[in-house]
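*Asks:* Each residue of the sequence shown is one higher than the last, beginning at 5 in my numbering.
No residue lacks a Cβ here, since even glycine has one placed at the ideal position from N, Cα and C.
Computed from a prediction, not measured in an experiment: that's the story for all the values here.
Dropping the structure in here first, questions after.
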Amino acid sequence: MLWFVPLLPLLAALVIHGVGKRWPGDDRGRAVLTLAGVAITVATLLLVSIAVTADWGGTYRWSSRIVLSLGMTSTSAVFAIVVPLIAAPIIVYSAYHEASPVSGRETVRPPVGLVALLTAFVGAMELLVLAEDFVTLLIAWELVGACSWALIAHEWQKAGNLRDAAWAFLVTRFGDLGLYIAAAAAFAGTGSFAFADLAQLDGWRLDVFVAGVVLAAAAKSAQVPFSPWLFAAMSGPTPVSALLHAATMVAAGIYLVIRLHAELSAVAWFAPVAITLGMATALAGGVVACLQDHAKKLLAASTSAQYGLMWLAAGAGFPGVALVHFVTHAFTKAALFLAAGIAERHVGSYSLNAMRLGRLLPGVAAAAMVASLALAGVVPLSAAWSKEKIVTAAGHQASWLAVIAAVAGGLSALYATRFQLLAFGRGRQDRTSTASSRSGHSRAEAISLYLLAAGTLALSLLWWPGVGNSLADLLSVHFPKTKLWELIVSLLLVALGVGLGALAVRREVSSQQSETRIAMADWLGLPALTARGADAVMMFSHGLARFDDRAVDAGIRGSARFGVWLARLGERRGEGAFDGATSQLAKGVDWAGQVARRAHTGQMHHYYTGIAAGLAAILIILSIGALL
5 MLWFVPLLPL LAALVIHGVG KRWPGDDRGR AVLTLAGVAI TVATLLLVSI
55 AVTADWGGTY RWSSRIVLSL GMTSTSAVFA IVVPLIAAPI IVYSAYHEAS
105 PVSGRETVRP PVGLVALLTA FVGAMELLVL AEDFVTLLIA WELVGACSWA
155 LIAHEWQKAG NLRDAAWAFL VTRFGDLGLY IAAAAAFAGT GSFAFADLAQ
205 LDGWRLDVFV AGVVLAAAAK SAQVPFSPWL FAAMSGPTPV SALLHAATMV
255 AAGIYLVIRL HAELSAVAWF APVAITLGMA TALAGGVVAC LQDHAKKLLA
305 ASTSAQYGLM WLAAGAGFPG VALVHFVTHA FTKAALFLAA GIAERHVGSY
355 SLNAMRLGRL LPGVAAAAMV ASLALAGVVP LSAAWSKEKI VTAAGHQASW
405 LAVIAAVAGG LSALYATRFQ LLAFGRGRQD RTSTASSRSG HSRAEAISLY
455 LLAAGTLALS LLWWPGVGNS LADLLSVHFP KTKLWELIVS LLLVALGVGL
505 GALAVRREVS SQQSETRIAM ADWLGLPALT ARGADAVMMF SHGLARFDDR
555 AVDAGIRGSA RFGVWLARLG ERRGEGAFDG ATSQLAKGVD WAGQVARRAH
605 TGQMHHYYTG IAAGLAAILI ILSIGALL
């Protein structure tokens, strides 16, 4: 029965893509598309809810050794619920935000292909989080990667979009190799691909398994050094960015870490590696976001940083904290991406210095403020609760680690404040007038944003006494107890971050940026460093190619020339000698034949004479032998 959960959106996506092209290119067509997309996601959500309460499962026997299986754990249940919950308002938003004009008419064509892909994305992610074996997981993992590539390259006519989609796809594909290695190690050590048998793994196979999972998860969740692929993914439409960052592609990595945490933590080196990766990404992503002027890239760097905090919590031994932060971050980040898309529709650019739309869009600005304050970690909003738990979890490893986590939280406050004040602050009147002359946004887009902001507010109940403990019991996880000094330091750094963010906005009076800042905003120059490394590798490769042509191939070409020379020599001399010998042999045979022919005259008395002479010679020889 559990197979219905992923199959419903996957099959529905095919139907939407096939039938949706016949829908009218007006408001009715967009309304039908919206209803279809929302109906599928809501139905998926209902199926998940039933599956959780009824304890559904699903198996399919591929062969005697391979069984595809689905199951429901507390972690997979949370992800399976959040994915359609976030996707539903995003699909509504995409149906109105991403509409293309119909040639020759004022109407616009509903984005049927985009909504179909988003629906398939939901199905692929549901299959991923419900998988109970590596074969099923790999199938879903590949589907998620393929959907992300297609969605990033959705507007393929725009210059560079296909290149960016390929870049994001190839970087994550490199990490995907780790998952294949982990699956192979699991099968070699247990004879099975099932998660339930992973407890049998030990020795070097367990180390290989953990290394493979860490590589795959780090690449998918955009941890350093894989983080720059998120900027390439920003070429996709705004709703794609929202779903990819909030609940699907990037979330797949941290899901794997949380789901397999028991097996991963059995290796002593996993904790320090996860903490180091998370800490480095949280700090690097925070600095990059603080320097970014592109609204979507700021939010992308923020996503990498927030998932870094989740890695930090998992490495510290509290996967439940990472799970809750995933939920709070999903609503917050999806809302901010939708707000950024609405702002872009008004100013025609994602440049933050071109926005400041607070006067023109007070409702959108208010909803974005809720999400921005939550991202900043301002109490009593939802993400602030989970962020403080991450600081406490880090403190269980070391006090200095808690301070670093708090510093990362302060950076979150700084870039969240920058985003809010630059995008939806109160700017000069001339900017407002210019923005009001553009097409603007629809009511459906605003409602989608409001729903996600409302979800952020609803999750703020985590601060209510007793709610956290009840949630821990429900999810069968453990939350660390907050220490007073950690809370005070964390809140002080949040306040400092908000203040510095406001001060930075006051000084950002021009869109002109120094080359150093531009390089730092592009992942601290990591892409440029990667490009230089690639250039060095290419130069070395070209050198090897020249050596191969001049040295290795020279010997081969010399051998070929020597063979040709021998052939020509044989043609000039050897062939004449062989032909002469053959001719002499033929002449000798001809002479022998002539001699033999003389003996055959055809006259019988000659034959008798020869026979008599022969007999006489034999008798003489025998007589002489007898006398001797």
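1. I'd like to confirm the pairing. Which residues does DSSP put opposite serine 355 in its beta bridges?
2. Please name the residue, chosen from Phe483, Thr460, Gly459, that lies closest to glycine 470 on a Cα-to-Cα basis.
3. What span of residues does the alpha helix (DSSP H) with arginine 65 cover, start to end?
4. Considering serine 403, what are the terminal residues of the alpha helix (DSSP H) in which it resides?
5. Assuming isoleucine 70 contacts phenylalanine 197 (C-beta within less than 8 Å), just tell me the rounded distance between them.
6. Classify methionine 59 as helix, strand or coil using the three-state DSSP reduction.
7. Specify, as a first and last residue, the run of the beta strand (DSSP E) that serine 73 falls within.
8. Which class does leucine 361 belong to by DSSP, given the choice of helix, strand or coil?
9. Determine contact between the stretch 121 to 129 and the stretch 143 to 150, defined as no fewer than three beta-carbon pairs at a distance below 8 Å.
10. Using the Cβ count rule (16 or more neighbours within 10 Å means buried), how would you classify valine 52?
11. Output needed for valine 395: all residues of its chain with C-beta closer than 6 Å, excluding positions within five of it in sequence on either side, in chain order.
12. What are the boundary residues of the alpha helix (DSSP H) that glutamate 2 is part of?
13. For glycine 108 and proline 13, I'd like the C-alpha separation in whole angstroms.
14. Tell me whether alanine 163 sits in a helix, a strand or coil according to DSSP, three-state version.
15. Could you name the residues that DSSP lists as bridge partners for alanine 135?
16. Which whole-angstrom value describes the C-beta separation of alanine 250 and alanine 338, a residue pair presumed to lie in contact below a C-beta threshold of 8 Å?
17. Which same chain residues end up closer than 8 Å to glycine 444 when comparing Cβ atoms and leaving out the 5 residues on each side of it in sequence?
18. Contact defined as beta carbons within less than 8 Å: I believe isoleucine 279 pairs with glycine 319. What is the distance between those atoms, to the nearest angstrom?
19. Would you tell me roughly how many angstroms separate the C-alpha atoms of histidine 333 and alanine 43, rounded to the nearest one?
20. Kindly confirm or deny that the stretch 367 to 384 and the stretch 416 to 424 touch, where touching means at least three C-beta pairs closer than 8 Å.
21. Any idea if glycine 559 is buried or exposed, counting beta-carbon neighbours within 10 angstroms, 16 or more meaning buried?
22. According to DSSP, simplified to helix, strand and coil, what is alanine 91?
23. Look at the alpha carbon of histidine 329 and the alpha carbon of valine 36, and state the distance between them as a whole number of angstroms.
24. Measuring alpha carbon to alpha carbon, tell me which residue in Pro114, Leu50, Pro88 is nearest arginine 26.
25. By the three-class DSSP mapping on this structure, what secondary structure does alanine 198 have?
26. Are there three or more Cβ pairs, one per stretch, closer than 8 Å when the stretch 264 to 282 is compared with the stretch 210 to 223?
27. Decide if the stretch 135 to 143 is in contact with the stretch 151 to 164; the criterion is three or more beta carbon pairs, one per stretch, under 8 Å apart.
28. Under 8 Å by Cβ, that's how I've got isoleucine 185 and valine 119 pegged, so tell me the actual separation to the nearest angstrom.
29. How long is the line joining the alpha carbons of leucine 562 and alanine 571, rounded to whole angstroms?
30. Quick one: using the 10 Å Cβ neighbour count with 16 as the cut-off for buried, is tryptophan 66 buried or exposed?
31. Going straight from the alpha carbon of alanine 170 to that of proline 229, what length do you get?
32. Does the distance from the CB of cysteine 151 to the CB of alanine 124 come in under 7 Å?
33. Since arginine 565 sits in a beta bridge, which residues does DSSP pair it with?
34. Would arginine 34 be called buried (16 or more neighbouring beta carbons within 10 Å of its own) or exposed?
35. Tell me whether methionine 5 is buried or exposed, calling it buried when 16 or more other Cβ atoms sit within 10 Å of its Cβ.
*Replies:* Let's see:
1. Your numbering for residue 355 matches position 351 in the sequence shown. Beta-bridge pairing links serine 355 to His298.
2. Position 466 of the sequence shown holds residue 470. Among Phe483, Thr460, Gly459, the Cα nearest to that of glycine 470 is on Phe483.
3. The residue you call residue 65 lines up with position 61 of the sequence shown. No alpha helix (DSSP H) contains arginine 65, which is instead part of the beta strand (DSSP E) from 62 to 65.
4. Residue mapping note: residue 403 aligns to position 399 of the sequence shown, counting from 1. Taken as a continuous stretch (DSSP letters only), the alpha helix (DSSP H) holding serine 403 covers 403 to 428.
5. Position 66 of the sequence shown, counted from the first residue, corresponds to residue 70. Position 193 of the sequence shown, counted from the first residue, corresponds to residue 197. Contact flag correct, Cβ pair sits at about 7 Å.
6. Within the sequence shown, residue 59 is the residue found at index 55, counting from 1. At residue 59 the sequence reads aspartate, which differs from the methionine that was named. It is coil, neither helix nor strand.
7. As a working note, residue 73 is residue 69 in the sequence shown. Start and end: 71 to 74.
8. Counted from its first residue, the sequence shown places residue 361 at position 357. Leucine 361: strand per DSSP, three-state reduction.
9. yes
10. The residue you call residue 52 lines up with position 48 of the sequence shown. Result: buried.
11. Taking the sequence shown and counting its residues from 1, the one referred to as residue 395 is at position 391. Ala406, Ala409, Ala410, Glu490, Ser494, listed in sequence order.
12. Past the boundaries of the shown model lies residue 2; the chain is included only from 5 to 632, so the question cannot be answered.
13. The residue you call residue 108 lines up with position 104 of the sequence shown. The residue you call residue 13 lines up with position 9 of the sequence shown. Confidence is the limiting factor: at glycine 108 the pLDDT is only 43, short of 50, which leaves the residue's position unreliable and the question unanswerable from this model.
14. Locating residue 163 in the sequence shown gives position 159, where the first residue counts as 1. It is coil, neither helix nor strand.
15. Indexing the sequence shown from 1 puts residue 135 at position 131. BP columns for alanine 135 point to Leu74.
16. Translated into positions along the sequence shown, residue 250 becomes position 246. Translated into positions along the sequence shown, residue 338 becomes position 334. Their Cβ separation, rounded to whole angstroms, is 4 Å, which keeps alanine 250 and alanine 338 in contact under 8 Å.
17. Counting from one through the sequence shown, the residue named residue 444 turns up at place 440. Answer for glycine 444: Arg349, His350, listed in chain order.
18. As a first step, residue 279 must be located in the sequence shown, where it is residue number 275. As a first step, residue 319 must be located in the sequence shown, where it is residue number 315. Going by Cβ atoms, the distance from isoleucine 279 to glycine 319 rounds to 4 Å, so yes, they are a contact pair.
19. By one-based count along the sequence shown, residue 333 stands at place 329. By one-based count along the sequence shown, residue 43 stands at place 39. Straight-line Cα distance between these residues: approximately 25 Å.
20. yes
21. Position 555 of the sequence shown holds residue 559. Exposed, because fewer than 16 other Cβ atoms sit within 10 Å of the Cβ of glycine 559.
22. Position 87 of the sequence shown holds residue 91. Note: alanine 91 maps to helix in three-state DSSP.
23. For the purposes of this step, residue 329 is identified with residue 325 of the sequence shown, where counting begins at 1. For the purposes of this step, residue 36 is identified with residue 32 of the sequence shown, where counting begins at 1. Going by the C-alpha atoms only, they are around 35 Å apart.
24. Taking the sequence shown and counting its residues from 1, one reaches residue 26 at position 22. The option with the nearest alpha carbon to arginine 26 is Pro114.
25. Translated into positions along the sequence shown, residue 198 becomes position 194. Three-state DSSP puts alanine 198 in a strand.
26. yes
27. no
28. Along the sequence shown, one-based indexing puts residue 185 at 181. Along the sequence shown, one-based indexing puts residue 119 at 115. No, isoleucine 185 and valine 119 are not in contact; Cβ-Cβ is about 36 Å, not under 8 Å.
29. Translated into the one-based positions of the sequence shown, residue 562 becomes position 558. Translated into the one-based positions of the sequence shown, residue 571 becomes position 567. Per the sequence shown, the amino acid found at residue 562 is glycine instead of leucine. Cα to Cα, glycine 562 sits roughly 14 Å from alanine 571.
30. Counted from its first residue, the sequence shown places residue 66 at position 62. Tryptophan 66 should be labelled exposed.
31. As a position in the sequence shown, residue 170 is number 166, starting the count at 1. As a position in the sequence shown, residue 229 is number 225, starting the count at 1. Between alanine 170 and proline 229, the C-alpha separation is close to 18 Å.
32. Residue 151 sits at position 147 when you count from the first residue of the sequence shown. Residue 124 sits at position 120 when you count from the first residue of the sequence shown. Yes, Cβ-Cβ distance for cysteine 151 and alanine 124 is below 7 Å.
33. The residue labelled residue 565 in the question sits at position 561 within the sequence shown. Note: arginine 565 sits in no beta bridge, so no partner.
34. Here the question's residue 34 lines up with position 30 in the sequence shown. With 16 or more other Cβ atoms within 10 Å, it is buried.
35. For the purposes of this step, residue 5 is taken as residue 1 along the sequence shown, with counting starting at 1. Answer is exposed; the Cβ neighbour count stays below 16.
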